[in-house]
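Mapping the sequence shown onto the working numbering, position 107 (from 1) lands on 404, and the numbers just tick up by one.
These notes concern the structure reproduced below.
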Amino acid sequence: MAQDYEALLKQILEMASTYGNSAAPNACAQAPAACGVEPIPVGISNRHLHLSQADMDVLFGPGYELTKIKDLKQPGQFASKETVTIVGPKGALEKVRVLGPIRKATQVELLLGDSFKLGIKPPTRMSGDLAGSPGATLVGPKGTVVLSEGVIVAQRHIHMTAAEAEAYGVTNGQTVSIEFDGPRCGVLGNVAIRAGEGHALECHVDTEEANALAITSDTTFKLIK
Ligand SMILES: [Zn+2]
Numbered sequence: 298m299a300q301d302y303e304a305l306l307k308q309i310l311e312m313a314s315t316y317g318n319s320a321a322p323n324a325c326a327q328a329p330a331a332c333g334v335e336p337i338p339v340g341i342s343n344r345h346l347h348l349s350q351a352d353m354d355v356l357f358g359p360g361y362e363l364t365k366i367k368d369l370k371q372p373g374q375f376a377s378k379e380t381v382t383i384v385g386p387k388g389a390l391e392k393v394r395v396l397g398p399i400r401k402a403t404q405v406e407l408l409l410g411d412s413f414k415l416g417i418k419p420p421t422r423m424s425g426d427l428a429g430s431p432g433a434t435l436v437g438p439k440g441t442v443v444l445s446e447g448v449i450v451a452q453r454h455i456h457m458t459a460a461e462a463e464a465y466g467v468t469n470g471q472t473v474s475i476e477f478d479g480p481r482c483g484v485l486g487n488v489a490i491r492a493g494e495g496h497a498l499e500c501h502v503d504t505e506e507a508n509a510l511a512i513t514s515d516t517t518f519k520l521i522k
């Protein structure tokens with residue numbers, strides 16, 4: 298009996314020691330190291346926008362091309378030198394970064410705090426899901442675009458390949474929760490899985506979500522299905 302208790306205690310202590318360990322992968326509640334999956338890096342997004350070529354032509358001049366300053370982790374995505382001013386009924390935000398490449402439709406991704414400054418009420422949506430979202434006015438060095446829709450707050454999400462989704466036991470479109478340790482520990486729900494071609498393993502939260510839980514790019518988390 299005493300031996301059983303000791304064995305159980307040892308097992309509990311081992312489980313506890315892997316929890317929140319930054320070296321341990323995070324897909325499994327019991328024995329992460331045994332799962333053979335990589336820890337998921339965190340990418341923190343500030344407010345930004347994506348432009349259609351037609352809108353870029355108006356804002357920066359006909360045939361304009363973005364100037365890359367930094368590759369992002371997602372394949373083909375980059376931060377550009379170009380910025381625009383976003384204007385709403387109550388105020389404006391200057392120097393909002395344009396991310397490349399060009400998209401079919403212009404999409405503005407705000408922080409919730411920005412929506413109060415601008416007087417715009419964007420829904421929380423996945424990228425590309427713009428139907429019924431509010432618009433805004435964009436001001437560039439060469440012209441102004443009045444958007445009828447396209448302003449959202451990005452829903453937090455995790456990018457991964459199909460193989461990584463299988464290793465984590467999740468599927469594209471599923472929502473999961475992510476649990477963070479540390480002084481501002483907490484759990485974030487409604488985290489969408491975006492799995493498939495063109496995705497690289499990374500969890501995207503915005504700067505407000507990151508600050509609320511003191512998350513940095515070095516923070517690891519536990520994925521809860
Ligand atoms: Zn993303």
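Backbone N, C-alpha and C fix where the C-beta goes; we use that ideal spot for every residue, glycine too.
Computed from a prediction, not measured in an experiment: that's the story for all the values here.
Within 10 angstroms of the Cβ of residue i, are there 16 or more other Cβ atoms? Answer buried if so, exposed if not.
i	result
R453	buried
T513	exposed
P322	At P322, the pLDDT of 43 sits below 50, so the modelled position is not reliable and the matter cannot be decided from this model.
K519	buried
I455	buried
P438	exposed
S445	exposed
F477	buried
A433	buried
L485	buried
Considering only heavy atoms of ligand 1, does any lie closer than 7 Å to the CB of residue i?
i	result
Q371	yes
H501	yes
H345	no
Do residue j and residue i have their beta-carbon atoms positioned less than 8 Å apart in this structure?
i	j	result
H501	G340	yes
V442	L356	yes
G397	F375	yes
I399	L390	no
V395	S424	no
T421	L348	no
N469	A460	no
I337	E499	yes
L415	D503	no
D411	R344	yes
Name the two residues that bound the continuous beta strand (DSSP E) containing residue i.
i	result
M457	H454 to M457
E406	Q404 to E406
L390	A389 to G397
L485	G483 to A492
I341	V339 to S342
V467	From DSSP, V467 is part of no beta strand (DSSP E); its letter is neither H nor E.
S430	Taken as a continuous stretch (DSSP letters only), S430 belongs to no beta strand (DSSP E), as it is neither H nor E.
A376	F375 to V384
D368	K365 to D368
Taking residue i as part of the alpha helix (DSSP H), name the residues at either end of that continuous run.
i	result
L415	L409 to L415
N508	T504 to A509
V355	Q350 to F357
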